[in-house]
Amino acid sequence: MNLHMEKSNGTVVLYIKEKRLDAHNSGELKDRMLELGENGKIHLVVDLAEVRFIDSSGLGALLSGHKNTSLRNGSFKLCGLQSQVQSMFELTRFAPGL
Numbered sequence: 001m002n003l004h005m006e007k008s009n010g011t012v013v014l015y016i017k018e019k020r021l022d023a024h025n026s027g028e029l030k031d032r033m034l035e036l037g038e039n040g041k042i043h044l045v046v047d048l049a050e051v052r053f054i055d056s057s058g059l060g061a062l063l064s065g066h067k068n069t070s071l072r073n074g075s076f077k078l079c080g081l082q083s084q085v086q087s088m089f090e091l092t093r094f095a096p097g098l
């Protein structure tokens with residue numbers, strides 16, 4: 001997975017540099033977010049500006065990241081959603097920090 005990470009003021013921004021977030025690459029994102037949480041990085045922003053498609057595996061990875069940060073009293077936000085991706089989040093009623 002092509003993933004870029006920046007840290008700023010206690011927040012980690014994950015830039016997903018893929019057109020698709022699906023079964024092929026979502027496991028790596030999920031593992032990276034879990035690792036960050038375990039290392040005390042509990043404030044996450046996931047930038048989806050380049051993502052044009054998310055399947056249920058991608059949604060599951062993001063939901064896992066949201067759950068893990070919430071359990072650690074952190075924060076989880078999404079940004080940069082393309083219209084078709086945002087529609088999927090509205091349809092599933094999962095929209096943390098939009």
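UniProt numbering numbers the first residue of the sequence shown as 1 and each following residue consecutively. The beta carbon of each residue, even a glycine, is placed where N, CA and C say it ideally should be.
query: Where does Glu90 land, buried or exposed, given buried means 16+ other C-beta within 10 angstroms?
result: exposed
field: Lys77 - containing beta strand (DSSP E), residue span
entry: 75-79
message: Please give me, in chain order, every unbroken run of the alpha helix (DSSP H) with length at least 4 that falls completely inside the UniProt domain "STAS" (21-98).
response: 26-38, 56-71, 83-92
message: Can you list, in chain order, the residues of its chain with a C-beta nearer than 6 Å to that of Gly10? Leave out the 5 residues immediately preceding and following it.
response: His43
- prompt: DSSP three-state call for Lys17: helix, strand or coil?
  reply: coil
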